[in-house]
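S.K.:
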Ligand SMILES: CC(C)(COP(=O)(O)OP(=O)(O)OC[C@H]1O[C@@H](n2cnc3c(N)ncnc32)[C@H](O)[C@@H]1OP(=O)(O)O)[C@@H](O)C(=O)NCCC(=O)NCCS
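Numbering (this note's numbering), first residue to last: 131 to 356.
#1: Decide if residue 181 is buried, meaning its Cβ has at least 16 other Cβ atoms within 10 Å, or exposed.
#2: According to DSSP, which residues form a beta bridge with residue 192?
#3: Pick out whichever of 191, 212, 163 has its Cα sitting closest to the Cα of residue 145.
#4: Could you spell out the range, first to last residue, of the beta strand (DSSP E) harbouring residue 299?
#5: For ligand 1, is there a heavy atom less than 7 Å away from the beta-carbon of residue 239?
#6: Would a C-beta distance cut-off of 8 Å place residue 285 and residue 295 closer than the cut-off?
#7: Considering Cα atoms alone, identify which of 345, 209, 216 is closest to residue 277.
#8: Is residue 212 a contact residue of ligand 1, with contact defined as CB to any heavy atom under 7 Å?
#9: Just to check, is the beta-carbon of residue 358 closer than 7 Å to a non-hydrogen atom of ligand 1?
#10: Near residue 264, what residues of its chain come up, given a Cβ to Cβ distance below 6 Å and the 5 sequence neighbours on each side ignored?
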């Protein structure tokens, strides 16, 4: 337990340029407190003390603003920066040296008791406010941009940004936005544009037929004129 806390403090010192001393980190980093309490909760959970585990996790949330289900699996060297608003679901799995910034959600999409939360492989960084939802996997060394919503697997060594999340870089090379098969997601802006285009086509057809009627009646008028 103490070794793990020492590791957590070392991780913060390595990854947060604002951290000035180990003592300061121990006293004032909610991410360190949340991880320590999660280890207690997880230990109770694995021993079958489910309600006590949930209570410790609830206490951790009250103290730190970070909500981690006791069953969630964490590797070593995880860095939780700022923390407030982070939610980690029951079947989430977090690898080694992962960084989670403020407001990250590792959430589920299913209401069944099955693997329904994401797996983050080693060295993944998730930017502030990003939402990763469903039983998807974010590959090793990938980075998820602040505010992104990721609902499909992310390959290793990639950068994903946007809503829905799209790969903008892979193995250090810029890519034009790999299609992550997200065309089934509703896009209200493009839908509104499609409806406007349909309307314009309809109006053009009406205008054409009116013009033709006018032309015909004009010819008739001329023919009838003395
Ligand atoms: C996603 C991220 C890791 C990318 O970093 P990077 O590889 O250096 O990429 P760049 O900054 O060169 O940006 C590449 C492109 O993605 C866009 N982009 C970057 N981050 C974005 C984001 N979060 N959402 C949408 N687009 C983003 C940039 O505008 C740029 O677009 P362009 O090519 O059209 O100009 C980084 O921008 C990020 O979001 N980090 C999280 C930081 C954070 O949460 N800090 C809070 C601490 S509490």
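A virtual CB, placed ideally from N, CA and C, is assigned to each residue, including glycine.
M.R.: Result, derived from the coordinates:
#1: Position 51 of the chain shown, counted from the first residue, corresponds to residue 181. Looking at its Cβ environment, which holds fewer than 16 other Cβ atoms inside 10 Å, residue 181 is exposed.
#2: The sequence position of residue 192 within the chain shown is 62, counting from 1. In DSSP, residue 192 forms no bridge with anything.
#3: By 1-based counting over the chain shown, the position of residue 145 is 15. For residue 145, the nearest C-alpha among the options comes from 212.
#4: For this step, residue 299 is matched to residue 169 along the chain shown. Element bounds for residue 299: 296-300.
#5: By 1-based counting over the chain shown, the position of residue 239 is 109. No, Cβ of residue 239 sits at least 7 Å from all heavy atoms of ligand 1.
#6: Within the chain shown, the letter at position 155 stands for residue 285. Within the chain shown, the letter at position 165 stands for residue 295. Residue 285 places its beta carbon 8 Å or farther from that of residue 295.
#7: On the chain shown, position 147 is the one that residue 277 refers to. Ranking 345, 209, 216 by Cα distance to residue 277 puts 216 first.
#8: Against the chain shown, residue 212 aligns to sequence position 82. Result yes, Cβ under 7 Å from ligand 1.
#9: In the structure as shown, the chain begins at 131 and stops at 356. Residue 358 is therefore absent and cannot be evaluated.
#10: To locate residue 264, count along the chain shown from 1; it is residue 134. Taken in chain order, the residues that qualify are 239, 281.
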